[in-house]
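Residue numbers (the numbering used here), protein chains in the order written: chain X, -1 to 322; chain R, 3 to 271.
Glycine included, C-beta positions come from ideal geometry on N, C-alpha and C.
Here the structure is a predicted model, which is why all the values come from computation and not from measurement.
Quick notes on the structure that follows.
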């Protein structure tokens, strides 16, 4: 079950893969000629892009791993639960009112606020007498997601001269031009990761259910609240940075559980690194397969993730799905 | 002798359905008690009030003399452990990882499990005879093995009181006996106080020197040694069915069995 060798390979190969993605261009591997301004700019852009991809992938994978533990279900992720959709609306609102021009933190803050509100709403809708059913969560998540999508469209209709920045952001591009945005979203993901990693032992206990966690000495209400907030912070930061990218938060934690096991102390760092590398690889595919045309990276992750999700759904026993 | 757990005039339940009404009950340190009663009598609720999982609407719950509501969570987990009827684990944890979770309250936030934590977990696994299964997945265990793993998990916290909520409900009679023998060995050798919810009155009579019988209204109908509690009129009024109680001809333990009220002609006759 445990594969220490694969785990070691993951951490050893991650920097190699990231470096390769920096160097890989439409004409194969090459170190950009940094003596020329064009070469310098190229290296700068590629480094930015790989950094953004890593931050987003790591944030989504962490967020997914935590939500899966708290909801006790391997099908949970910020996208399915509508958290990403809420973050998108929040970020769009921040652009609509021009707050993002005032402060670099406005975009992630707006995304975080609406994402948190969405999570609370979905959770409330799915609970019946204190029991949260998984189907209830997925269904209400999907419904709330599409409602948020409509609100986003409504915002676009009334956007007026704000339309170009909103659309540009919605298209979701890892080529982030704003360094302060990259830094603020990166710190959001970093802080969230720190919080959930320090909560590893509590997350392990919560995987056994809240009753069991209580009896193991976990302050359940406090820990669940804190971990949900951190997972939302990670997801909202990624949305603020590059729009909606699905399935990374779903498949990466699940795959990593097979490699390093379910213990969150090992799972969370492995998921963060693997998620980051996975998204950077997908993004490199997206910019190279039909170069010079770039595909949206969400297309590549969805093409990998969609089938994976379906296989997972079919393999789950119905009784396990209905359990809270 | 000091009390391990004590409920004083406790009323508790859910907003729409009160379960326990003005109930007082105490377990001394090192004592073993079987908690009996019909479905919905409030046996599980009683355990949950004891550990502070459910708040008492009135009255006080004390653990080792301290009000459970004022006891910090980590400290409480080192006094009392809980073993559920069954545990659905959606993620692939190994047996060893599960047992180490018993150390949750003792684990270092920064360093994870220490050598001492792992040693305690190993002793607990050896005690319940699951050491050979340590690297197998909990999900793949059989019912009896799971129950032994969950008892090891409870032991790893080194508690002074273990509450078990129908740990034998899903087991066949061989495994039932195995778990009950493990529990009484635990009490004899380590002096851990035990409160166990049970449905099998005969097994409870054989293994527990003190039985507490709750009635359907969440009140204590009888409390004492098996010979006092397991009397036909008491059991018949609490469970609402006719029963027979007889001492076992070999060992003298009381055996309780339900009697059918009506006999129908068998089909085909």
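Same chain, Cβ closer than 6 Å to residue i, five either side skipped, listed in chain order
i                      : result
residue 224 of chain R : 215, 231 and 236
residue 234 of chain X : 85, 109, 110 and 113
residue 64 of chain R  : 8
residue 55 of chain X  : 246, 273, 274, 276 and 277
residue 46 of chain R  : 167
residue 4 of chain R   : 31
residue 333 of chain X : Examination of residue 333 of chain X is not possible in this model, given that chain X is present from -1 through 322 alone.
residue 36 of chain R  : 198, 200, 206, 210 and 213
Assigned secondary structure, residue i (DSSP; H/G/I helix, E/B strand, else coil)
i                      : result
residue 185 of chain X : helix
residue 2 of chain R   : Residue coverage of chain R in this structure runs from 3 to 271, which leaves residue 2 of chain R outside it and unanswerable.
residue 243 of chain X : coil
residue 77 of chain X  : coil
residue 70 of chain X  : coil
residue 327 of chain X : The question about residue 327 of chain X has no answer, for chain X in this structure spans -1 to 322.
residue 93 of chain R  : coil
residue 321 of chain X : In this predicted model, residue 321 of chain X has a pLDDT of only 38, less than 50, meaning its place in the structure is not dependable; the value taken from the coordinates is given anyway. It is coil, neither helix nor strand.
residue 20 of chain X  : helix
residue 198 of chain R : strand
residue 157 of chain R : helix
residue 66 of chain R  : coil
residue 150 of chain R : helix
residue 41 of chain R  : coil
residue 16 of chain R  : strand
residue 249 of chain R : strand
residue 8 of chain R   : strand
residue 228 of chain R : helix
residue 178 of chain X : helix
residue 289 of chain X : coil
residue 316 of chain X : Residue confidence is low: residue 316 of chain X scores 42 on pLDDT, short of 50, so the model does not pin down where it sits. Its coordinate-derived value is still stated next. Three-state result, residue 316 of chain X: helix.
residue -1 of chain X  : Only weak support is given to the placement of residue -1 of chain X: the predicted model assigns it a pLDDT of 46, under 50, and the question is left unresolved by the model.
residue 119 of chain R : helix
residue 131 of chain R : coil
residue 260 of chain R : strand
Proximal residues of chain X, C-beta to C-beta of residue i below 8 Å
i                      : result
residue 235 of chain R : None at all; the shortest Cβ gap to chain X is about 36 Å.
residue 99 of chain R  : 202, 259, 260 and 261
residue 111 of chain R : 196 and 199
residue 1 of chain R   : For residue 1 of chain R there is no data in the structure shown, the boundaries of chain R being 3 and 271.
residue 104 of chain R : 214
residue 114 of chain R : 198, 199 and 263
Cβ-based burial, residue i [other Cβ within 10 Å; buried from 16]
i                      : result
residue 213 of chain X : buried
residue 242 of chain R : exposed
residue 90 of chain R  : exposed
residue 32 of chain X  : exposed
residue 263 of chain X : buried
residue 95 of chain X  : exposed
residue 138 of chain X : buried
residue 129 of chain R : buried
residue 77 of chain X  : buried
residue 213 of chain R : buried
residue 38 of chain X  : exposed
residue 254 of chain R : exposed
residue 231 of chain X : buried
residue 113 of chain R : exposed
Within chain R, the residues that residue i reaches when beta carbons sit closer than 7 Å
i                      : result
residue 210 of chain X : 86 and 89
Listed by chain order, chain X residues near residue i by CB distance under 7 Å
i                      : result
residue 187 of chain R : In chain order: nothing, as chain X lies at least about 22 Å away.
residue 198 of chain R : The contacting residues do not exist; residue 198 of chain R stays about 15 Å from chain X at best.
residue 79 of chain R  : 213, 214 and 215
residue 76 of chain R  : 215
residue 107 of chain R : 214 and 215
Other residues of its chain near residue i: CB distance less than 7 Å, five sequence neighbours each side excluded
i                      : result
residue 119 of chain R : 102, 105, 108 and 109
residue 216 of chain X : 200, 203 and 204
residue 108 of chain X : 88, 89, 91, 92 and 97
residue 116 of chain R : 110
Proximal chain R residues relative to residue i, where beta-carbon distance stays under 8 Å
i                      : result
residue 342 of chain X : Any property of residue 342 of chain X remains undetermined from this structure, which presents chain X solely from -1 to 322.
residue 71 of chain X  : 92
residue 205 of chain X : 91, 92, 93 and 95
Neighbour list for residue i in chain R, Cβ cutoff strictly below 9 Å
i                      : result
residue 2 of chain X   : Neighbours of residue 2 of chain X on chain R: none; closest Cβ ~12 Å, over 9 Å.
residue 267 of chain X : Simply none; closest approach about 12 Å.
Close beta carbons around residue i, own chain, < 8 Å, minus the five adjacent residues each side
i                      : result
residue 253 of chain X : 272
heavy atom of the ligand PLP below 7 Å from residue i C-beta
i                      : result
residue 138 of chain R : The ligand PLP is not among the ligands present in this structure, which contains no ligands whatsoever.
Practice prompt. Using a Cβ-Cβ cut-off of less than 9 Å, list which residues of the segment 45 to 63 of chain R approach chain X; keep chain order.
Written response: Near chain X, meaning a CB-to-CB distance below 9 Å, the residues of the segment 45 to 63 of chain R are 50, 53, 54 and 55.
Practice prompt. For the segment 82 to 93 of chain R, enumerate the residues whose C-beta is nearer than 8 Å to any C-beta of chain X, in chain order.
Written response: Listed by position, the residues of the segment 82 to 93 of chain R near chain X (Cβ gap below 8 Å) are 82, 83, 84, 86, 89, 90, 91, 92 and 93.
Practice prompt. May I ask you to list, following chain order, the residues of the segment 240 to 259 of chain X that have a beta carbon less than 9 Å from some beta carbon of chain R?
Written response: Closer than 9 Å at the C-beta level to chain R, one finds these residues of the segment 240 to 259 of chain X: 255, 256 and 259.
Worksheet entry | Proximal residues, the segment 122 to 156 of chain R versus chain X, C-beta separation under 8 Å | Residues of the segment 122 to 156 of chain R whose Cβ lies closer than 8 Å to any Cβ of chain X, in chain order: 137 and 139.
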